[in-house]
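Report on the following structure.
Numbering (UniProt numbering), first residue to last: 1 to 452.
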């Protein structure tokens, strides 16, 4: 690609700006195929929603140093700076985006394996491949003080040369990932916590109605090809949000069925997913299990708590009534859930990050009431969740549109070890061993992705 700045761009115009983008079309290009060609050094991300109508692949740097006490405020501050100092210098319209993940609870226990990702991680990509439908666009982004047309041409030409190397590169043969061992962690503690939470809810010792407990599964082996895992998840877990957030050899990866919030120019949309049952081995058995799930008292109670709070929360950020779907079954390869969707017209002045702050953690990942459930988790869970169960996704800093999913069915991996996470909602009717079996089922998508 021969980089040519738009004819309206001159040195005088550049003086008033700090962030610059340059974009061009690639035509039809499957972004996922480029992922194996991206160097494993540095920061990168991948995203594909359930309808597969969009793919994002970005290479860049973490925008923050991990020391922010308030990540949402830090992001809003960046957006303010960006909107005042952003300039597209190409003749084609194209905007960059911010991609990353929030911590589940910044005040919770820390886990060594999460390293720099633990406190939240957001990447402003210097190179972004963005596929919408069948068309793929490249968006190059540079932050530069005292920019001139000459210096921008040089910098954008360099980034474009990296894009050319990726497009012309050949995938290197990679060693197959090998799972040597897996181990459930802290099983007695989990069973004890389920029983304690259940009793607290039954006896109404507090106003706790539901608490979502997480579990860890430690894995060891050789996981040098994160791309292999991502491709397997894509094949094995259709109709999920496929995501990767990586820094060097550290990767947070998953295939989650759950949207947290989507913001278009006009609407907010969220989804309530809770209650679980396995898939059947035949179509008839699967239908029967699904029908039982729809009328099961424990699962419908758990889902009802989630649905009511999401409707109440969305009502605070939309103008007019919240549109609520009927309850239905959401079926993934290993498991099926109760699900509902909620939407409404965006209230003026409410940003997408405002909406993320309000809804996270949903009662599907925290509990009800929210603050009490989070404190219960903090007091009883013997480990940190890192980015598990937290918002992960993207946002356009200019148009304030984007989408965040809930980072479940996921794990944090290095080249030799990893921790997979799974959770379950505890209500009055919960049984400790049944909840353990539910989490074992929820580990399966990532385990299968790792094993091949």
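Backbone N, C-alpha and C fix where the C-beta goes; we use that ideal spot for every residue, glycine too. Remember, predicted model here, so these are calculated numbers, not experimental data.
In this structure, how does DSSP classify residue i when only helix, strand and coil are distinguished?
{"i": "residue 5", "result": "coil"}
{"i": "residue 198", "result": "helix"}
{"i": "residue 381", "result": "coil"}
{"i": "residue 322", "result": "strand"}
{"i": "residue 227", "result": "helix"}
{"i": "residue 303", "result": "helix"}
{"i": "residue 133", "result": "coil"}
{"i": "residue 484", "result": "No statement about residue 484 is possible, as the shown extent of the chain runs from 1 to 452 and does not include it."}
{"i": "residue 270", "result": "strand"}
{"i": "residue 232", "result": "helix"}
{"i": "residue 357", "result": "helix"}
{"i": "residue 388", "result": "coil"}
{"i": "residue 38", "result": "coil"}
{"i": "residue 429", "result": "coil"}
{"i": "residue 215", "result": "strand"}
{"i": "residue 189", "result": "helix"}
{"i": "residue 99", "result": "strand"}
{"i": "residue 315", "result": "helix"}
{"i": "residue 208", "result": "coil"}
{"i": "residue 184", "result": "strand"}
Taking only the alpha-carbon atoms, compute the straight-line gap between residue i and residue j and give it to the nearest angstrom.
{"i": "residue 454", "j": "residue 349", "result": "Given that the chain is displayed from residue 1 to residue 452, the structure contains no residue 454 and the question cannot be resolved."}
{"i": "residue 201", "j": "residue 302", "result": "12 Å"}
{"i": "residue 7", "j": "residue 43", "result": "33 Å"}
{"i": "residue 222", "j": "residue 253", "result": "16 Å"}
{"i": "residue 294", "j": "residue 379", "result": "33 Å"}
{"i": "residue 147", "j": "residue 122", "result": "25 Å"}
{"i": "residue 27", "j": "residue 83", "result": "28 Å"}
{"i": "residue 59", "j": "residue 35", "result": "10 Å"}
{"i": "residue 445", "j": "residue 334", "result": "7 Å"}
{"i": "residue 266", "j": "residue 20", "result": "27 Å"}
{"i": "residue 442", "j": "residue 166", "result": "35 Å"}
{"i": "residue 189", "j": "residue 278", "result": "25 Å"}
{"i": "residue 99", "j": "residue 392", "result": "8 Å"}
{"i": "residue 132", "j": "residue 55", "result": "7 Å"}
{"i": "residue 187", "j": "residue 383", "result": "12 Å"}
{"i": "residue 285", "j": "residue 272", "result": "25 Å"}
{"i": "residue 395", "j": "residue 401", "result": "6 Å"}
{"i": "residue 92", "j": "residue 184", "result": "52 Å"}
{"i": "residue 291", "j": "residue 307", "result": "19 Å"}
{"i": "residue 225", "j": "residue 439", "result": "26 Å"}
{"i": "residue 196", "j": "residue 16", "result": "60 Å"}
{"i": "residue 95", "j": "residue 52", "result": "20 Å"}
{"i": "residue 390", "j": "residue 150", "result": "43 Å"}
{"i": "residue 78", "j": "residue 144", "result": "15 Å"}
{"i": "residue 424", "j": "residue 372", "result": "17 Å"}
{"i": "residue 332", "j": "residue 237", "result": "7 Å"}
With burial defined as no fewer than 16 other Cβ atoms inside 10 Å of the residue's Cβ, what is the status of residue i: buried or exposed?
{"i": "residue 139", "result": "buried"}
{"i": "residue 70", "result": "exposed"}
{"i": "residue 210", "result": "buried"}
{"i": "residue 3", "result": "buried"}
{"i": "residue 158", "result": "exposed"}
{"i": "residue 257", "result": "buried"}
{"i": "residue 206", "result": "exposed"}
{"i": "residue 178", "result": "exposed"}
{"i": "residue 340", "result": "buried"}
{"i": "residue 110", "result": "exposed"}
{"i": "residue 409", "result": "buried"}
{"i": "residue 430", "result": "buried"}
{"i": "residue 103", "result": "buried"}
{"i": "residue 192", "result": "exposed"}
{"i": "residue 23", "result": "buried"}
{"i": "residue 112", "result": "exposed"}
{"i": "residue 80", "result": "exposed"}
{"i": "residue 282", "result": "exposed"}
{"i": "residue 39", "result": "exposed"}
{"i": "residue 119", "result": "buried"}
{"i": "residue 246", "result": "buried"}
Roughly how far, in whole angstroms, is the beta-carbon of residue i from the beta-carbon of residue j, given that I think they are within contact range, below 8 Å?
{"i": "residue 342", "j": "residue 368", "result": "Not quite, the Cβ-Cβ distance comes to about 16 Å (not below 8 Å), so this is no contact."}
{"i": "residue 244", "j": "residue 230", "result": "6 Å"}
{"i": "residue 455", "j": "residue 248", "result": "What is shown of the chain runs 1 to 452, which leaves residue 455 out entirely."}
{"i": "residue 153", "j": "residue 5", "result": "7 Å"}
{"i": "residue 426", "j": "residue 418", "result": "No, residue 426 and residue 418 are not in contact; Cβ-Cβ is about 26 Å, not under 8 Å."}
{"i": "residue 322", "j": "residue 315", "result": "5 Å"}
{"i": "residue 453", "j": "residue 194", "result": "The chain is shown from 1 up to 452; residue 453 falls before or after that span and cannot be answered."}
{"i": "residue 25", "j": "residue 137", "result": "6 Å"}
Please work out which residues of its chain come closer than 6 Å, Cβ to Cβ, to residue i, disregarding the five sequence neighbours upstream and downstream, and give them in chain order.
{"i": "residue 49", "result": "241"}
{"i": "residue 239", "result": "50"}
{"i": "residue 269", "result": "262 and 343"}
Using C-beta distances below 8 Å, list every residue in its chain close to residue i, excluding the 5 sequence neighbours before and after it, in chain order.
{"i": "residue 309", "result": "362, 363, 368 and 370"}
{"i": "residue 126", "result": "59, 60, 61, 140, 141, 142 and 159"}
{"i": "residue 374", "result": "105, 361, 366 and 367"}
Once you ignore the five residues that flank residue i on each side, which residues in its own chain have a CB closer than 7 Å to its CB?
{"i": "residue 305", "result": "209, 210, 363 and 368"}
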